[in-house]
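Asks:
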Amino acid sequence: MRYSVASLIANAFSGNRNWTPAWREPEPKSRYDVVIVGGGGHGLATAYYLAREHGIRNVAIVEKGWLGSGNIGRNTTLIRSNYLLPGNEPFYEWSLKLWEGLEQEFNFNAMVSQRGVLNLYHSDAQRDAFTRRGNAMRMHGVDAELLDREGVRRMLPFFDYDNARFPIMGALLQRRGGTVRHDAVAWGYGRGADEMGVDIIQHCEVTGIRVENGRATGVETSRGFIGCDRLALAAAGNSSVVAAMAGLRLPIESHVLQAFVSEGLKPFIDTVVTFGAGHFYISQSDKGGLVFGGDLDGYNSYAQRGNLATVEHVFEAGLAMIPGLSRVKALRSWGGVMDMSMDGSPIIDKTPIPNLYLNCGWCYGGFKATPASGWCFAHLIARDEPHPVAREMRLDRFARGYLIDENGRGAQANLH
Amino acid sequence: MASLIPCPHCGMRPKEEFTIRGAVPDSRPAWGAPIDDPQWFSAVYLRTNPRGRLREHWYHGAGCGRWLIVERDNLSHAVHDVADARARALAGDRT
């Protein structure tokens, strides 16, 4: 069913009894052209673009939980393309361009809101670093503006500009950045893929990868063996566990990252802001809740829950930036498991097993990358060659010394 | 993460006193190994990253100042074993 004003009115007049499910719940077939492990944003987007851009429709997505039950439904919904390095910036810009046309394309309201993303700076050195970043963005054809203190104050008058230790001196602004309704992204891609014939198999845990004569022939699952010609892993958070089933060790550690939402407030922040003097960022959802987050807890975890010490740290950083938050009550906090790679950048690449493809290492930037990740991973699977904007996101870059180290911090996963 | 860690030198202590360096490498190059030894790549960049029991190097900065090997479960948060890293190494356990 195509969603439109007409379908909305027609269903309203028939008492909303005739809506059909947005996707099927098929039984797994014994064999597919492509099996994708992981029914999160990236897996669903990959299946969608495999079907739409490459005509490969005999595809199954195998998901342990339910559709979109992982980080696609646990993130802080930001989109932006304010990266510095040539290996990253064209990829994230392609992602932002896909976001801009996404809702019309997959006929689903994902509430894409380009409300702008500001990165505050608090020192001359930080201003220079952001100037460099903004220039790098503009050289890639991406919008970037450097605001001075008064420019930020006009947008956000209630910040602590004269903080004795971290005065706000200005910000790097990307007006095309913003937020997206995260669950709707999973639903939109899932529905679109399903319409084109992709089987989304939920509650089906992959327990093993069968490799015969050096090729992946299928996956053992809790619902039996599923054969395939090509196997694609998009199981971020648990990438190491899944890859180990094929005998691979990855440059990945799993860490927990917490996020928070406050009680609902009247319109307060109409943009996205990151604090430059501590790890804190904030936006406001359309329901009124302030959505904010901070840094990793800092230790390896698969537990999807974090510690109070980090909660306190995030709240303190938030108060240093916006003193007016002091009496706002936090409503919920939760943790997601991040695939932290050794240089802070993702991997979309082939593996030593010729028909096994890998999509992992999204650190905490996976949500904004969802469309381009799916687009480039589908390209890689369909054509067996990397998409030009993802060609540096190789698995072997660590061995070859071609890291994409945005933060320049080396092989310390918890520092990226 | 467990809130209290049984340090072999200091007894039960809050986890905020410790700094976690990361997983104990599964293997590391022999002393004096050449720079192009592939084991360097493996030790620096690759991780087993198990879901469950994990052995890590912890530094007890606000206590005894010793490096420890903590074996814990990164899913259930249970701490299974805490030992002095140097004592382990002297006993022949080089990992």
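In order, the protein sequence lines correspond to chains A and B.
Numbering follows the numbering used here, with no gaps: position 118 of the first sequence is 118.
Numbering follows the numbering used here, with no gaps: position 27 of the second sequence is 443.
Each residue gets a CB set at the ideal place from its N, CA and C atoms; glycine is no exception.
What you are looking at is a predicted structure, and each value in this text was computed from that prediction instead of being measured.
1. Return the residue from the list B:V495, B:D509, B:R488 and B:H476 that minimises the CA-CA distance to H425 of chain B.
2. So that I know if they touch, is there some Cβ in chain A lying closer than 8 Å to that of H473 of chain B?
3. Using the three-state DSSP reduction, which class does Q114 of chain A fall into: helix, strand or coil?
4. Taking Cβ-Cβ distances shorter than 8 Å, what residues in chain B pair up with P251 of chain A?
5. Taking only runs that begin and end inside the region 34-96 of chain A, name each unbroken alpha helix (DSSP H) of 4 or more residues, in chain order.
6. Could you tell me the alpha carbon to alpha carbon distance between W483 of chain B and R502 of chain B, rounded to whole angstroms?
7. Do S30 of chain A and G227 of chain A count as a contact pair if the criterion is CB distance below 8 Å?
8. Cβ closer than 7 Å: which chain B residues qualify as neighbours of Y298 of chain A?
9. I'd like to know if the region 137-152 of chain A and the region 168-175 of chain A are in contact, where contact means that at least 3 CB-CB pairs between them fall below 8 Å.
10. Mind listing, in chain order, the continuous beta strand (DSSP E) runs of no fewer than 3 residues lying wholly within the region 280-329 of chain A?
11. Go through its chain and collect everything with a Cβ distance to M137 of chain A's Cβ below 7 Å, but skip five positions before and after it.
12. Under 8 Å between the Cβ atoms of P323 of chain A and D194 of chain A?
13. Is there a C-beta anywhere in chain B that falls below 8 Å from the one on Y3 of chain A?
14. Express the C-alpha separation of G481 of chain B and E93 of chain A in angstroms, rounding to a whole number.
15. Taking CB distances under 8 Å as the criterion, tell me whether M338 of chain A reaches chain B.
16. Using 10 angstroms around the beta-carbon of Q284 of chain A, count the other beta-carbons present and answer buried if the total reaches 16, otherwise exposed.
17. Under a three-way DSSP split, which group does H496 of chain B fall into?
18. Could you give the residue range of the beta strand (DSSP E) that holds V486 of chain B?
19. So is A382 of chain A in contact with chain B if we call contact Cβ pairs under 8 Å?
20. S239 of chain A and L233 of chain A: beta carbons closer than 8 Å?
21. When the Cα atoms are used, what is the spatial distance from W334 of chain A to K97 of chain A?
22. Do the region 375-384 of chain A and the region 46-58 of chain A make contact, defined as three or more Cβ pairs closer than 8 Å?
23. Is it right to say D339 of chain A is buried, meaning 16 or more other beta carbons lie within 10 angstroms of its own, or is it exposed?
24. Determine which residues share a DSSP beta bridge with F225 of chain A and list them.
25. According to the neighbour-count rule (16 or more other Cβ atoms, all chains shown, within 10 Å of its Cβ), is G366 of chain A buried or exposed?
26. What residues of chain B sit near M342 of chain A, judged by a beta carbon separation below 9 Å?
27. Enumerate in chain order the residues of its own chain whose CB-to-CB distance from H493 of chain B is below 7 Å, with the five nearest sequence positions on each side excluded.
28. Thinking C-beta only, is R215 of chain A closer than 8 Å to P386 of chain A?
29. Which residues, in chain order, does the region 481-500 of chain B contribute to contact with chain A at a C-beta distance below 7 Å?
30. Identify whether P422 of chain B lies in helix, strand or coil by the three-state DSSP scheme.
31. Give a yes or no on whether 8 Å exceeds the smallest Cβ distance from V241 of chain A to chain B.
32. Return the chain-ordered list of same chain residues with a C-beta closer than 7 Å to the C-beta of A390 of chain A, the five sequence neighbours on each side being excluded.
Replies: Checking against the coordinates, here is how it stands:
1. One-based indexing of the second sequence puts residue 425 of chain B at position 9. It is B:H476.
2. By one-based count along the second sequence, residue 473 of chain B stands at place 57. At a cut-off of 8 Å between beta carbons, H473 of chain B makes no contact with chain A.
3. By one-based count along the first sequence, residue 114 of chain A stands at place 114. Q114 of chain A sits in coil when the DSSP states are folded into three classes, being neither helix nor strand.
4. Within the first sequence, numbered from 1, the residue matching residue 251 of chain A stands at position 251. Y461, L462 and R463, listed in chain order.
5. Under the rule that a run must span 4 or more residues, the alpha helix (DSSP H) segments found entirely inside the region 34-96 of chain A read 41-54.
6. By 1-based counting over the second sequence, the position of residue 483 of chain B is 67. By 1-based counting over the second sequence, the position of residue 502 of chain B is 86. Computed Cα separation, rounded: 7 Å.
7. Your numbering for residue 227 of chain A matches position 227 in the first sequence. Your numbering for residue 30 of chain A matches position 30 in the first sequence. In this structure, S30 of chain A lies closer than 8 Å to G227 of chain A by Cβ.
8. For the purposes of this step, residue 298 of chain A is taken as residue 298 along the first sequence, with counting starting at 1. It is worth fixing the name first, because residue 298 of chain A is Gly in this sequence and not Tyr. Annotation: Cβ neighbours of G298 of chain A in chain B (cutoff 7 Å, chain order): I436.
9. Contact holds: three or more Cβ-Cβ distances are below 8 Å.
10. Correct list: 281-284 and 289-300.
11. By 1-based counting over the first sequence, the position of residue 137 of chain A is 137. So the qualifying residues of the chain are N82, E89 and A144.
12. The count along the first sequence starts at 1 and reaches residue 323 of chain A at position 323. The count along the first sequence starts at 1 and reaches residue 194 of chain A at position 194. Contact: no.
13. Locating residue 3 of chain A in the first sequence gives position 3, where the first residue counts as 1. For Y3 of chain A, the answer is no, since every Cβ of chain B falls outside 8 Å of its Cβ.
14. Sequence index remark: in the first sequence, residue 93 of chain A carries index 93 (1-based). Sequence index remark: in the second sequence, residue 481 of chain B carries index 65 (1-based). The straight-line gap from Cα to Cα measures roughly 47 Å.
15. Position 338 of the first sequence, counted from the first residue, corresponds to residue 338 of chain A. So no, M338 of chain A is outside the interface.
16. In the first sequence, residue 284 of chain A corresponds to position 284, counting from 1. Looking at its Cβ environment, which holds 16 or more other Cβ atoms inside 10 Å, Q284 of chain A is buried.
17. Translated into positions along the second sequence, residue 496 of chain B becomes position 80. Annotated three-state conformation of H496 of chain B is strand, per DSSP.
18. The residue you call residue 486 of chain B lines up with position 70 of the second sequence. Per DSSP, V486 of chain B belongs to the beta strand (DSSP E) from W483 to D489.
19. Here residue 382 of chain A refers to the residue found at position 382 when the first sequence is read from its first residue. With 8 Å as the cut-off, A382 of chain A does not count as an interface residue toward chain B.
20. As a position in the first sequence, residue 239 of chain A is number 239, starting the count at 1. As a position in the first sequence, residue 233 of chain A is number 233, starting the count at 1. Yes, the Cβ-Cβ distance between S239 of chain A and L233 of chain A is below 8 Å.
21. Indexing the first sequence from 1 puts residue 334 of chain A at position 334. Indexing the first sequence from 1 puts residue 97 of chain A at position 97. Near 30 Å, if we compare the C-alpha coordinates of K97 of chain A and W334 of chain A.
22. Touching, yes.
23. Mapped onto the first sequence, residue 339 of chain A falls at position 339. Buried, by the Cβ-count rule.
24. For the purposes of this step, residue 225 of chain A is taken as residue 225 along the first sequence, with counting starting at 1. Paired residue(s): A:E220.
25. As a first step, residue 366 of chain A is located in the first sequence; it is residue number 366 there, counting from the start. Burial call: buried.
26. Locating residue 342 of chain A in the first sequence gives position 342, where the first residue counts as 1. Near M342 of chain A (Cβ distances below 9 Å), the residues of chain B are V460, Y461, L462 and R463.
27. Reading the second sequence from its first residue, position 77 is the one you call residue 493 of chain B. Around H493 of chain B: M417 and A418.
28. Within the first sequence, residue 386 of chain A is the residue found at index 386, counting from 1. Within the first sequence, residue 215 of chain A is the residue found at index 215, counting from 1. No, the pair does not count as a contact, with Cβ atoms beyond the cut-off.
29. Cβ contacts with chain A come from N490, L491 and H493.
30. Start at 1 with the first residue of the second sequence, and residue 422 of chain B comes out as number 6. Reduced to three states, the DSSP call for P422 of chain B is strand.
31. On the first sequence, position 241 is the one that residue 241 of chain A refers to. Cβ-Cβ to chain B under 8 Å: yes for V241 of chain A.
32. Locating residue 390 of chain A in the first sequence gives position 390, where the first residue counts as 1. Within the same chain, F91, I348 and C376 come within 7 Å of A390 of chain A by CB-CB distance, once the 5 residues on both sides are set aside.
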